[in-house]
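Structure, as structure tokens:
Residue numbers (my numbering): 331 to 845.
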């Protein structure tokens, strides 16, 4: 699509017919499984903590352990595929993911669960980029955009479906089922890939292992992820622990960049950023996916803390953007190669920016069905950005660099989501606290309101609590509106910035452009 001067394909011919769609569905399902596990445990933490007799704060290590391990493994995908072969890496990772999921459900103590979650994260990391790499190899050029569209939709739907399914399983059958659900999926994916995609295995290259680069990657990514996961609970930089982690992450990151850019056999090939389309796509992805993840975390928080929604009702609200995105994905995929992808990306981001700005006008009287159009607009805009962006970024690199490019794109997506979520939630709580002070200080008729509450039969203490609750509800709404305003500005800037990308040739996506 976006790649010019395509390199002729070598190796086995692409799949066709039912075998092709079976392969696409298998790879998309594996990606969905890995992305789903990034959020499915979030709402199960209280259940896990209760069953293991630990605090909820301690229980969050079930989330952090997986996130750190996965974040470390994702950028290593290119090296793993080159050394062991993409089919071997994918099938081994899928099988290991299923086994670790079973062990997570069987865990009887927090240390056991955290240990197995680390192993699960190590297995889940390669699934996302490896499924994308194999998908691009098995699909013929004319079907590649459609296949990539289906894969991208699982990336968008996974974080949305995670909390909904996690809450359902935990409340209905118990928290272990948030893990057990992965077992049959992992078995099916492993079996189908080995039976249908083995011919797409590539020759392996046994390069020296970059131990220094690997160690630096583990240090800075681990420190950053732990900092992001624990920052809110530890009051961010008021905590010496968080400050120490931030310093380690910064020094480790700078050292990692310096080493990887000069090492002869880097564990992560950062030279892929020499392609302008890939580099600018990565920058756009950082800001857009960060805003997207921050929004899908913030919206349920606002609905449950301020609007009185239950977790189930908030999940039903979030489902609307997923349903629209799922419906629109095939249409957008069919447009790629016929319409300038920069126009589609700019249009999608513009729609999401307008939708986000619209949210700044919401108030506490808005109904469920009043919110649905905003959610649908979000689902309308995201596929218009993500599908062309994925096509442009992967079409910019050479075929032999696909695995490394997929690893880097998915790594940036993972880290952008984690970083933006922490920042947006912090900004939201800070704005809410400031709004509470401002509203309380500007009340002119507080005495009259309290008198009315006393007349209604409330004690003085009850009246004060009721008034404070009203103020807090309005403060949360004010803080939510302010955060959405900033996010809208960021998205509008990215919408304009995508036009800095080089104009691609309009043709079915072919790997190997290198621009």
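Every residue, glycine too, gets a C-beta built ideally from N, C-alpha and C.
Just so it is clear, the structure is predicted and the values come from calculations on it, not from any experiment.
Reducing DSSP to helix, strand and coil, say where residue 448 ends up.
helix
Classification of residue 826 by the beta-carbon crowding that lies within 10 angstroms, buried from 16 upward:
exposed
Mind checking whether residue 806 and residue 636 have CB atoms under 8 Å apart?
Cβ distance < 8 Å, so residue 806 and residue 636 count as in contact.
Suppose only complete runs of 4+ residues qualify. What are the alpha helix (DSSP H) ranges in the segment 461–519, listed by chain order?
471–502 and 507–510
Going by Cα to Cα distance, which pick from 444, 465 and 398 is closest to residue 360?
Among 444, 465 and 398, the Cα nearest to that of residue 360 belongs to 465.
In terms of alpha-carbon separation, which member of 364, 403 and 822 lies closest to residue 598?
403
Going by alpha carbons, who is nearest to residue 289 out of 497, 528 and 625?
Shown here, the chain extends from 331 to 845; a query on residue 289 therefore has no answer.
Thinking C-alpha only, which one of 651, 504 and 517 is nearest residue 374?
504
Could you tell me how far apart the beta carbons of residue 618 and residue 694 are, in whole angstroms, since I believe they sit closer than 8 Å?
Not a contact, Cβ separation roughly 29 Å.
Contact check, residue 815 vs residue 608, beta carbons under 8 Å:
no
Name the one or two DSSP bridge partners that residue 666 has.
669
Just to confirm my understanding: we take residue 423, look at its own chain, exclude 5 residues before and 5 after, and list those with CB closer than 8 Å. What are they?
453, 454, 455, 456, 457 and 460
Figure out for me which residue from 698, 432, 347 and 713 has the closest Cα to the Cα of residue 656.
Its Cα nearest to that of residue 656, the residue 713 stands out among 698, 432, 347 and 713.
Output the boundary residues of the alpha helix (DSSP H) element that contains residue 639.
It is not in any alpha helix (DSSP H) - residue 639 carries neither H nor E in the DSSP assignment.
Less than 8 Å between the C-beta atoms of residue 811 and residue 692, yes or no?
yes
State the Cα-Cα distance for the pair residue 470 and residue 345, rounded to the nearest angstrom.
Whole-angstrom Cα-Cα distance: 7 Å.
Among the residues of its own chain, which have a CB less than 7 Å from the CB of residue 540, if the five just before and after it don't count?
If we look at residue 540 and ignore the five residues flanking it on each side, its Cβ neighbours are 593, 595, 596 and 597.
Cβ shell of residue 376 (< 6 Å), same chain only, five flanking positions each side left out:
Closer than 6 Å at the Cβ level, and outside the excluded window around residue 376, lie 386.
If we ignore side chains and look at the alpha-carbon of each, how far apart do residue 555 and residue 792 end up?
One Cα belongs to residue 555, the other to residue 792, and the distance between them is close to 42 Å.
Enumerate, from N- to C-terminal direction, the unbroken alpha helix (DSSP H) stretches of 4 or more residues contained entirely within the segment 398–445.
407–414 and 416–436
Of the residues 600, 577, 433 and 578, the one placed nearest residue 587, counting alpha carbons only
600
Give the range of the alpha helix (DSSP H) segment to which residue 559 is assigned.
541–560
How far does the alpha helix (DSSP H) with residue 583 in it extend, from its first residue to its last?
570–592
To the nearest angstrom, how far is the alpha carbon of residue 829 from that of residue 621?
Computed Cα separation, rounded: 19 Å.
Residue 711 and residue 678 closer than 8 Å at C-beta
A contact, by the Cβ cut-off of 8 Å.
For residue 666 and residue 492, what's the separation of their Cα atoms in angstroms?
29 Å
Secondary structure at residue 396, three-state DSSP: helix, strand or coil?
In the three-state DSSP reduction, residue 396 falls in the helix class (H, G or I).
Hey, could you find the ends of the alpha helix (DSSP H) residue 613 is sitting in?
606–635
Those runs of the alpha helix (DSSP H) which lie wholly inside the segment 359–398 and span at least 4 residues
375–381 and 386–389
Residue 692 in three-state terms, based on DSSP
coil
Using a 10 Å radius around the Cβ and a threshold of 16 neighbouring Cβ atoms, would you call residue 767 buried or exposed?
exposed
Taking the alpha carbon of residue 546 as the point to measure from, which residue in 407, 397, 583 and 645 has its own alpha carbon closest?
583
Within 8 Å, strictly: CB atoms of residue 349 and residue 526:
Yes, they are a contact pair.
Suppose contacts are defined by Cβ-Cβ distances below 8 Å. Is residue 733 in contact with residue 407 by that definition?
Their beta carbons are under 8 Å apart, which means residue 733 touches residue 407 by this criterion.
Which of the three DSSP states, helix, strand or coil, is assigned to residue 730?
helix
Enumerate in chain order the residues of its own chain whose CB-to-CB distance from residue 751 is below 7 Å, with the five nearest sequence positions on each side excluded.
Counting only Cβ-Cβ distances below 7 Å, and skipping sequence neighbours, we find 623, 624 and 627.
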